[in-house]
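Peer 1: Quick note: the sequence shown uses the working numbering, first residue 282, plus one each step.
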Amino acid sequence: MSNYVKLLNDELLSKFSNLSQKYGLRTKHILDLCYEECLKRVDDMDINLTLNMLRSYTFFSFEYRDIFLKSIPKLSENVDSFSNDDVLMFLNVAKTLSQFPELIQFRDLILSKMNENLESQPNTHLIRCVGELYRGSRSRSGKMFVSNVLDKIDEDDFRLVSVTNLVNVMHTINFYKMKLTYLTDILTILSMRMNEIVSNRNLGLWSEIFSVLLETGWFSLPFMQSAIKHIISEPQVLCRVSTYQIVRVLQTFYKLRLYHKESYQTLLDSIERGFDMLVPKFNMISETILAAADANIEHETLFTRSLEFFDSRIQHLNLLERDDDLITVMNKNYIWPRNVITSAWSMAVMDLHKRDGFKTLLELIVHRKFAEQDFDMNTILMCLETAEACMVDEVNMELAQEISDLFGDKMRFKEINMEEEVEYETLRDNKLSFNESQNIHFHKGRSRATKHIQITFNYFSYFQILCLFLISGILDNINKKDILLKVSPHYNSPYIIDICFPKENKKGIVLFSGRELLRNHVDSTWSVSNTGSSKLKLKILSKQNWNVSRISFTVIQVAQVSCSQWSVLNTGMERKDFVKKLLTELNISY
């Protein structure tokens, strides 16, 4: 066959190559023979034959990359003669061969030419082009092209392209981190074309959408509702992807703060069946149980297997005996410090901190090199909550107290937010006046933010402050003036009693916000307060003999404030009656 291929002239060779690729793998051995001959002749072919010949090798462009790289000089001189199909072909090849700088430069040349006459090109073609730009460098030409195209098109144009093109555009928007608002229109369209998504020949297309949502944190209620109905609830669809991809879907629910119990349960069941696929990856298992614990979804088998894995993995790697190389060994084995803390917190939420294997996690947290790591405030608070759970249940008391001291210092250091370095020990036992302590976190005159005399409400949303002061104003109006705002139950406590009644015996009001709330799946309002965070918080405060009333609140729109119970209170009289009811629940006279 190779001898006959050599006898073909350039035109016949180009046509024969094109014919050989039409039957895929069945005739690829013939295409391989054509490729060798085409590679020798490509420099001498005219541009039309070259374009026709290159179309033959696009499906296997990575394997046949040399012929594309060799053709770049000739192609660069003839960009103006490319058809729309040629442009799409080369953008796709550049995406596949994005690690080769010469292909990215060639791609940018094409985009620059297209930018010059953007108005004359059909919008559907431009949308398809945008969908081919989510790999390689984020060049100026690429960014300008994406921006100009998205400004030119409207929602109706998105409806004219395939669901695959729409998903590709989502990837590009995420890649360039620009024009994210267009995701709303795209996701709305995809929610109405879910049948096309689940029947696509790319069986995992739907999981790519969740990947974009996970990376961007973009929430679309219509899409999530449709996905719950047509994907999560359909076992024959869910089984098409790997366990890793299902974990990413679960992470998406966690990141978007969307609660749908049946979906969580289905995803966790699927992950538990494929648990052995995750076993090498500590971080994947950690993220799984974090999502479950955050939503307060019990799954005894999954949590038990996870705890056993954490214990055995830490012992197997001998992490507790490591010294300066601890973090290096952890990172090589996909054990991120944050995941160790979130895993311990998840176990505490599900009341598994009383089991023997849990102690291993605590011992790792107090390791010198581990404790030296920098953590964000949320992770620090989760670690302190874990320590609190152990202390109130009287398990691993010494380790829990050590964690409380270590991370209590970290918490105060974060809250000070100073530019200069401050030793942890200098933050202890500073005294404040009563009036000063009203405006900051304090306990018996001892301040968390010892050098921060100004109001530290930058940690709280505007509407949380509004809700807090409305309630305190009503209390003042009914002559209940003996209140304190933002009281810490004790020095290292991760919690705050938002309104405390100092003349009573540990009584107060707690406002639930942040990770203590989830959106419901019906109208996406933040009405789900029975979360893992709130469950653990109420348990710990109760065992510390605090008698608290709770209010869940959130913001839906700029002009509308929803506070779960608070949102239905439209008049001052209704709000006053509501506050009086809280006092009655706490058995406080007024």
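Built from N, CA and C at the ideal position, the CB exists for glycine as well.
If you're wondering where the values come from, they're calculated on a predicted model, not measured in any experiment.
Should Gln532 go down as buried or exposed, given a rule of 16 or more other Cβ atoms within 10 Å for buried?
Peer 2: By the neighbour-count rule (16 or more Cβ atoms within 10 Å), Gln532 is buried.
Peer 1: First and last residue of the beta strand (DSSP E) that includes Lys767?
Peer 2: Per DSSP, Lys767 belongs to the beta strand (DSSP E) from 765 to 768.
Peer 1: Look at the Cβ atom of Val374, then the Cβ atom of Phe341, and state whether they are nearer than 8 Å.
Peer 2: In this structure, Phe341 does not lie closer than 8 Å to Val374 by Cβ.
Peer 1: Measure the alpha-carbon distance for Leu539 versus Val442 and round it to whole angstroms.
Peer 2: One C-alpha to the other measures close to 29 Å.
Peer 1: Please specify which runs of the alpha helix (DSSP H), each continuous and at least 4 residues long, are wholly inside the region 623 to 699, giving them in chain order.
Peer 2: Runs found: 639 to 646, 649 to 652, 658 to 673, 678 to 697.
Peer 1: Could you please give the first and the last residue of the uninterrupted beta strand (DSSP E) stretch that includes Asp779?
Peer 2: 778 to 781 is the extent of the beta strand (DSSP E) around Asp779.
Peer 1: Answer yes or no: do Pro770 and Glu666 have a C-beta to C-beta separation smaller than 8 Å?
Peer 2: No, they are not a contact pair.
Peer 1: Do Phe590 and Arg529 have their CB atoms nearer than 8 Å?
Peer 2: Cβ distance not < 8 Å, so Phe590 and Arg529 don't count as in contact.
Peer 1: Name the two residues that bound the continuous alpha helix (DSSP H) containing Lys394.
Peer 2: Here the alpha helix (DSSP H) through Lys394 covers 382 to 397.
Peer 1: Would you give the residue range spanned by the alpha helix (DSSP H) that Val860 belongs to?
Peer 2: 853 to 866 is the span of the alpha helix (DSSP H), which, as asked, contains Val860.
Peer 1: Could you tell me the alpha carbon to alpha carbon distance between Asp804 and Lys510, rounded to whole angstroms?
Peer 2: Rounded to the nearest angstrom, the two C-alpha atoms are 15 Å apart.
Peer 1: Relative to the C-alpha of Ile328, which candidate in Lys355, Gln302, Tyr345 has its C-alpha closest?
Peer 2: That would be Lys355, whose Cα lies nearest to the Cα of Ile328.
Peer 1: Based on the DSSP secondary-structure assignment, which residues constitute the bridge partners of Lys799?
Peer 2: At residue 799 the sequence reads Leu, which differs from the Lys that was named. Partner(s): Val809.
Peer 1: In angstroms with no decimal places, state the Cα-to-Cα distance between Thr445 and Leu494.
Peer 2: Distance between the alpha carbons of Thr445 and Leu494: 16 Å.
Peer 1: In whole angstroms, give me the CA-to-CA distance for Pro516 and Asn476.
Peer 2: Going from the Cα of Pro516 to the Cα of Asn476 covers about 15 Å.
Peer 1: What are the boundary residues of the beta strand (DSSP E) that Leu792 is part of?
Peer 2: 788 to 793 is the span of the beta strand (DSSP E), which, as asked, contains Leu792.
Peer 1: Going by beta carbon distance, what residues of the same chain come within less than 6 Å of Tyr415, once the five residues before and after it are set aside?
Peer 2: Cβ neighbours of Tyr415 beyond the five flanking positions: His452, Thr453, Phe456.
Peer 1: Tell me whether Lys862 is buried or exposed, calling it buried when 16 or more other Cβ atoms sit within 10 Å of its Cβ.
Peer 2: Exposed, because fewer than 16 other Cβ atoms sit within 10 Å of the Cβ of Lys862.
Peer 1: For His580, count neighbouring Cβ atoms within 10 angstroms of its own Cβ and tell me buried if that reaches 16, exposed if not.
Peer 2: Label assigned to His580: buried.
Peer 1: Can we say the region 460 to 468 touches the region 417 to 424, given the rule of at least three CB pairs closer than 8 Å?
Peer 2: Because the criterion of three Cβ pairs below 8 Å is not met, the region 460 to 468 and the region 417 to 424 do not touch.
Peer 1: With Phe439 and Ile470 assumed to form a contact (beta carbons below 8 Å), what rounded beta-carbon distance in angstroms separates them?
Peer 2: Right, their Cβ atoms sit about 5 Å apart.
Peer 1: If you measure from the CB of Leu384, is any heavy atom of the ligand FMN nearer than 7 Å?
Peer 2: With respect to the ligand FMN, the structure offers nothing, as it holds no ligand at all.
Peer 1: Tell me, please, whether the region 654 to 662 touches the region 595 to 602 by the rule of three or more beta-carbon pairs shorter than 8 Å.
Peer 2: Segments in contact, no.
Peer 1: Using 8 Å as the Cβ pair cut-off and three pairs as the minimum, do the region 817 to 827 and the region 639 to 654 touch?
Peer 2: With a cut-off of 8 Å, the region 639 to 654 and the region 817 to 827 do not count as touching, because too few Cβ pairs lie within range.
Peer 1: Start and end of the alpha helix (DSSP H) containing His541?
Peer 2: Where His541 is concerned, there is no enclosing alpha helix (DSSP H), given that its DSSP letter is neither H nor E.
Peer 1: When the Cα atoms are used, what is the spatial distance from Asn614 to Leu502?
Peer 2: One C-alpha to the other measures close to 37 Å.
Peer 1: Assign Gln380 to one of two classes, buried (16 or more other C-beta atoms within 10 Å of its C-beta) or exposed (fewer than that).
Peer 2: Exposed is the call here.
Peer 1: Apply the 10 Å Cβ neighbour rule to Arg419 and answer buried if 16 or more other Cβ atoms are within range, or exposed otherwise.
Peer 2: It is exposed - the Cβ of Arg419 has fewer than 16 other Cβ atoms within 10 Å.
Peer 1: Grouping DSSP H, G and I as helix and E and B as strand, with all else coil, what is Lys818?
Peer 2: Correct three-state label for Lys818: helix.
Peer 1: Looking only at DSSP bridge pairs, what is Asn828 linked to?
Peer 2: In the DSSP output, where bridge partners are listed per residue, Asn828 has Lys788.
Peer 1: Using only CA atoms, which one of Thr497, Val560, Glu496 lies nearest to Thr524?
Peer 2: Cα-wise, what sits closest to Thr524 is Val560.
Peer 1: Should Thr377 be labelled buried (16 or more other beta-carbon atoms within 10 Å of its own) or exposed?
Peer 2: Classification for Thr377: buried.
Peer 1: Measuring CA to CA, which of Glu436, Lys762, Asp632, Lys691 is closest to Ile578?
Peer 2: Nearest C-alpha to Ile578: Asp632.
Peer 1: For a quick check, are the C-beta atoms of Lys784 and Trp827 less than 8 Å apart?
Peer 2: In this structure, Trp827 does not lie closer than 8 Å to Lys784 by Cβ.
Peer 1: Rounding to the nearest angstrom, what Cα-Cα distance links Ile353 and Leu384 in this structure?
Peer 2: Straight-line Cα distance between these residues: approximately 8 Å.
Peer 1: So, helix, strand or coil for Ile509, using DSSP?
Peer 2: Three-state DSSP puts Ile509 in a helix.
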